[in-house]
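The structure appears below as structure tokens.
Protein chains: 2
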Amino acid sequence: MAWRSALLIDPVASDDRRGDFADTFRPFDPEQPALRVGDLSAQRGDGIFESLGVIDGHPQEVGAHLDRLVHSARLCDLPTPHLGQWRAAIARVAADAGAGENVMKLLLSRGVEGQPVPTAWITLASAPDNTRSRHEGIDVVTLDRGHALDVPARAPWLQLGAKTLSYAVNMAAIREAHRRGADDAVFVTSDGFVLEAPTATVLLRTGRRFVTPEPSAGILHGTTQLSVFSYLEGRGFDTAYETVPRATLVEADAAWLLSSVRLAAPVTAVDGAPKTVDRALTDEMNAYLLSPRD
Amino acid sequence: MAWRSALLIDPVASDDRRGDFADTFRPFDPEQPALRVGDLSAQRGDGIFESLGVIDGHPQEVGAHLDRLVHSARLCDLPTPHLGQWRAAIARVAADAGAGENVMKLLLSRGVEGQPVPTAWITLASAPDNTRSRHEGIDVVTLDRGHALDVPARAPWLQLGAKTLSYAVNMAAIREAHRRGADDAVFVTSDGFVLEAPTATVLLRTGRRFVTPEPSAGILHGTTQLSVFSYLEGRGFDTAYETVPRATLVEADAAWLLSSVRLAAPVTAVDGAPKTVDRALTDEMNAYLLSPRD
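Printed below as a string of structure tokens:
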């Protein structure tokens, strides 16, 4: 990973009317210290984020990512992000990208403890080479997320469905998958329904029908999955959000994990049970996902 | 909150034999940037921490806090902290404390992304005035933690029982308690058992018997609770770790929330049902907790 660019942002109120936000941006060197230890991102994982793919200088699905940032802010009682300011900041950072694949992170922290003003920054770095995952696929294991399907709706303080900086469990689940000899994990509820991967959305195919788990079940609404649904619908396939039992993941004709940087990774096995990879369709999906989209 | 001191630490291997760790410490100004944005504490809440009370320059329960730091590191696949190095760092920072009550935070992050070397630091700041909570008490509401009692044992990747920097849910629970007009929250399992408060341990009294929920249920083993048990046993009371149904919290003769900085806060009501406060015993507990302990 090599840094390409980094920008500190002074967040403005969501109804700020200024046309130019240049005076609220401050480029910085990500190799140098930039955050105070009192920042609640570092002290308590108390903030939200988004990761965008940037392809040949074009930031992908900016609208969908900003929609989700606003959604996360609402779930976490954070001030509503100013979309114009964030769009301007994204454009400024993307200008440093150059050719190839990069990953842009948007971060909004609750701020420094005792000073209730959010802190925000954007980083841009080279993306890892995901060719192998896209072409040869990945095998996954299912891991219990610990809660029943109905919990997110009745316990909003658990912030399930917000993309928060409290991401240690997601990283621990990927380590557990590696310990079990797999590439990645898929979270399931304690009562046996498919949720999401630690950093990706699950997509299943049965015949000409593509299904992804209901985002209302306390999971992230995948920005890449939205793009893939739009692509598949354009090709005449049926798409649907559903409550997906674990057995459906195992029995589906094909499965993918979708995310902003790795894009569409076909699943080759679930808990050791092999799955057929539709290589032609996967390649088409990834070609689409590598094309400029807003 | 006013900063008193801050120290960056270069963590050494747990079997390092040097006698003096001064060359691994670097004092810094906590008002200035000290962390890189790539630090996984800030990016993903991926690290662990401890908060100690420091009374008139004496850091309290250092051994119990370091035991728990080691326990959290193991649960999170982090390198084992070197106890001699941490003890030396704690002593150095405590020397800046002066009189009165302060709070010391120990933080161990997984490090900067792509550089698998942990980062670590200690901060010392003035403690908030907790006189009112200790004397007049606090009212609490119970909030569902989202999982059943048996989940932590069978899903270790959820890191329940580790004191991680992914603390956003704990902060959200306290905000939810305030929204409901209460001072603090007590987490209960989905199947109705008492766990812990977002930043404190629950202690219940029934007659001459004091009970706290089993730490094996994916909660923190309270350092202050350990001290209080030792104090109560010295006074001839019975103490026990048990599985505690929510009804027992409501029906107990008295209840407290115990933590390193607020110390023993008597509970005045649970979900609106009033509780009697044993003011004499509470004052005695807090006098004990304010005395120097190791």
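Just so you know, the sequences run in chain order A and B. Using my numbering, you'd call the opening residue of the first sequence number 2 and step up by one each time. Using my numbering, you'd call the opening residue of the second sequence number 2 and step up by one each time. Backbone N, C-alpha and C fix where the C-beta goes; we use that ideal spot for every residue, glycine too. Model, not experiment: these values are computed from the prediction.
Rounded C-alpha distance that separates residue i from residue j
i	j	result
Ser6/A	Gly39/B	12 Å
Thr132/B	Arg263/B	8 Å
Ile123/A	Ala253/B	51 Å
Val142/B	Glu177/B	9 Å
Leu161/A	Tyr168/A	11 Å
Arg135/B	Arg45/A	25 Å
Gly193/B	Pro246/B	6 Å
Arg69/A	Thr25/A	22 Å
Leu250/A	Thr207/A	10 Å
Pro199/A	Ser292/B	45 Å
Leu84/B	Ser15/B	7 Å
Leu259/A	Glu197/A	10 Å
Gly20/B	Ile10/B	16 Å
Pro117/A	Pro267/A	43 Å
Met172/A	Trp158/B	9 Å
Leu41/B	Ala89/B	25 Å
Asp97/A	Val104/A	12 Å
Pro28/B	Leu166/A	27 Å
Ala280/B	Ile91/B	Note that residue 280/B is Arg in the sequence shown, not Ala. Approximately 33 Å, taken between the alpha carbons.
Leu107/A	Phe50/A	5 Å
Asn287/A	Ile175/A	23 Å
Leu150/B	Pro216/B	11 Å
Leu205/A	Ala248/A	12 Å
Ala265/A	Pro119/B	32 Å
Pro275/B	Gly182/B	14 Å
Arg111/A	Pro12/A	11 Å
Gly237/B	Arg209/B	9 Å
Arg93/B	Asp57/B	14 Å
Asp284/B	Gly138/B	11 Å
His222/B	Ser228/A	46 Å
Asp211/A	Thr244/A	Asp is not the amino acid found at residue 211/A; the sequence shown has Phe there. The alpha-carbon atoms of Phe211/A and Thr244/A are separated by roughly 13 Å.
Gly109/A	Ser73/A	Note that residue 109/A corresponds to Leu in the displayed sequence, not to Gly. Leu109/A and Ser73/A: Cα-Cα distance of roughly 10 Å.
Glu234/A	Leu8/B	56 Å
Per-residue contacts from residue i into chain E (C-beta, under 7 Å)
i	result
Thr165/A	Structure shown: chain E not included; protein chains present are A and B.
Listed by chain order, chain B residues near residue i by CB distance under 8 Å
i	result
Val94/A	Simply none; closest approach about 13 Å.
Trp122/A	Val38
Exposure label - residue i; buried when at least 16 CB within 10 Å
i	result
His148/B	buried
Thr277/B	exposed
Thr224/A	buried
Arg37/B	buried
Asp130/A	exposed
Gln33/B	exposed
Pro31/B	buried
Thr81/B	exposed
Ala154/A	exposed
Ala201/B	buried
Gln261/B	Sequence inspection shows Ser at residue 261/B; the Gln mentioned does not correspond to that position. That one is buried.
Segment limits, beta strand (DSSP E) that includes residue i
i	result
Leu259/B	Ala255 to Ser260
Phe230/B	First-last for Phe230/B: Thr224 to Gly235, but that is the alpha helix (DSSP H), not the beta strand (DSSP E).
Leu53/B	Gly48 to Ile56
Tyr242/A	Asp239 to Glu243
Trp158/A	Note, Trp158/A: premise wrong, no beta strand (DSSP E); not H, not E.
Gly126/A	At residue 126/A the sequence reads Ala, which differs from the Gly that was named. Segment Thr120 to Ser127, the beta strand (DSSP E) holding Ala126/A.
Asn103/B	Glu102 to Ser110
Ser167/B	First-last for Ser167/B: undefined, no H or E at that position.
Interface partners of residue i on chain A, CB under 7 Å
i	result
Asp254/B	Under the 7 Å cutoff, chain A gives no residues; its nearest Cβ is about 29 Å from Asp254/B.
Met105/B	Result: empty, since nearest Cβ-Cβ is about 13 Å, beyond 7 Å.
Gly235/B	The contacting residues do not exist; Gly235/B stays about 35 Å from chain A at best.
Beta-carbon neighbours of residue i, restricted to chain A and to distances below 8 Å
i	result
Arg176/B	Asp78 and Trp158
Glu114/B	Met2
Glu32/B	Arg37
Ala7/B	Val38
Residue i: contacting residues in chain B (beta-carbon distance under 9 Å)
i	result
Gly101/A	Those do not exist, as Gly101/A stays about 18 Å from chain B at its closest Cβ, beyond 9 Å.
Val152/A	Asp145, Gly147, His148 and Ser191
Opening and closing residue of the alpha helix (DSSP H) in which residue i lies
i	result
Arg19/B	No alpha helix (DSSP H) contains Arg19/B, which DSSP labels as neither H nor E.
Asp284/A	Arg280 to Leu290
Val71/A	Val63 to Leu76
Leu250/B	Arg247 to Glu252
Ser134/A	Thr132 to Glu137
Within chain B, partners of residue i - CB distance below 7 Å
i	result
Ser42/A	Ala43
Asp11/A	What Asp11/A touches in chain B: nothing, since even the nearest Cβ is about 15 Å away.
Problem set entry | chain B contacts from the segment 262-294 of chain A (Cβ-Cβ distance under 7 Å) | For the segment 262-294 of chain A, the beta-carbon criterion of a distance under 7 Å to any beta-carbon of chain B is satisfied by none of its residues.
Problem set entry | Interfacial residues, the segment 60-75 of chain A to chain B, with Cβ spacing under 8 Å | So the list is empty, because no residue satisfies the distance condition.
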